[in-house]
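*Asks:*
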Amino acid sequence: MDLIQHLPAGIEPAALWGFVLASILMEITPGPNMAYLAILAVGDGRRAGYAAVAGVALGLLAVGLASALGVGAAVAASAWAWQILRWGGVGYLLWLAWDGWRGAEESPEHAARGSSLGRFFRRGLVTNLLNPKAFALYVAVLPGFLSPQHPVMPQAIALSLIYVLIATAIHAGIVTAAGTASKALADPRRQKLARRILSLMLVGVAVWLAFKTAA
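Here the sequence shown is numbered in UniProt numbering, starting from 1 and rising by one per residue.
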């Protein structure tokens, strides 16, 4: 209850917990973040996965703040801007899938030498800046939990921060679980197979995203 008391005026307890539930359900639904983070944790380890989680969190926060300032609504209202965002996200996911498939050919030692945590952080960031699903949540879902009788922007920013915290916790859990599974894939052949399967799944997510966000 102390948390609720510190929230901006207009966010009622029922609305808050409803938004928390909606955020959890959206994040546990398979999507770009879940597939990409699983690929990273299995193929490159937990440290790479956690670096990507940090990038994802920053991307979600940036999209949330932009939506609170009206940018998200403007993008959603512009057909050409939405299509650029949509196909940019789909194309980036396909590129990540190809990179994961190609990376399956590398030995773990070579992959480790050629990778840096900053690289994974940047990929997590870009994945969410080009993620229409994130804009859809902030533009289509979040406003339903705001009270028009009070200043809207403080409410939107507070709920955006709550969503980022929930998403980050779930993403970190995915990386932890996938990283544990990677220990059972110590055999290079098994790891190669796992990376390729996950890369194909990421292709499926890209196709799903293209249809899901179609006008």
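All C-beta atoms, glycine included, are put in the ideal place defined by N, C-alpha and C.
Since we're looking at a predicted model, the values are computed, not measured.
Measure the CB-CB distance between His171 and Met26 and report whether it falls below 9 Å.
*Replies:* Contact flag unset, no.
*Asks:* Please classify Leu60 as buried or exposed, where buried requires at least 16 other C-beta atoms within 10 Å of its C-beta.
*Replies:* Answer is buried; the Cβ neighbour count reaches 16.
*Asks:* Can you tell me whether Asn33 is helix, strand or coil according to DSSP?
*Replies:* Three-state result, Asn33: helix.
*Asks:* Rounded to whole angstroms, what is the Cα-Cα separation between Tyr36 and Ala177?
*Replies:* Going from the Cα of Tyr36 to the Cα of Ala177 covers about 14 Å.
*Asks:* Counting only the same chain and skipping the five closest in sequence on each side, list residues whose C-beta sits under 7 Å from that of Ile166.
*Replies:* Around Ile166: Val20, Ser23, Ile24 and Glu27.
*Asks:* On the CB-based measure, 16 or more other CB atoms within 10 Å of its CB, does Trp98 come out buried or exposed?
*Replies:* Looking at its Cβ environment, which holds fewer than 16 other Cβ atoms inside 10 Å, Trp98 is exposed.
*Asks:* What number of angstroms, rounded off, separates the C-alpha of Val203 from the C-alpha of Ala66?
*Replies:* If I take the Cα positions, the gap works out to 28 Å.
*Asks:* Is DSSP giving Gln83 helix, strand or coil here?
*Replies:* Reduced to three states, the DSSP call for Gln83 is helix.
*Asks:* In chain order, what residues of the same chain lie with their CB nearer than 7 Å to the CB of Gly18, ignoring the 5 residues before and after it?
*Replies:* The answer, listed in chain order, is Phe145.
*Asks:* Would you mind working out which of Ala52, Pro132, Ala15 and Arg46 sits nearest Gly179, comparing C-alpha positions?
*Replies:* If we check each option's Cα against that of Gly179, Arg46 comes out closest.
*Asks:* Counting only the same chain and skipping the five closest in sequence on each side, list residues whose C-beta sits under 8 Å from that of Tyr50.
*Replies:* Once the five neighbours on either side are set aside, the close Cβ partners of Tyr50 are Ala172 and Val175.
*Asks:* How long is the line joining the alpha carbons of Ala41 and Val53, rounded to whole angstroms?
*Replies:* Those two C-alpha atoms are separated by around 11 Å.
*Asks:* Quick check on Ala68: buried or exposed, where buried means 16 or more other Cβ atoms within 10 Å of its Cβ?
*Replies:* By the 10 Å Cβ count, Ala68 comes out buried.
*Asks:* If you draw a straight line from the alpha carbon of Ala169 to that of Gln149, how long is it in whole angstroms?
*Replies:* Distance between the alpha carbons of Ala169 and Gln149: 32 Å.
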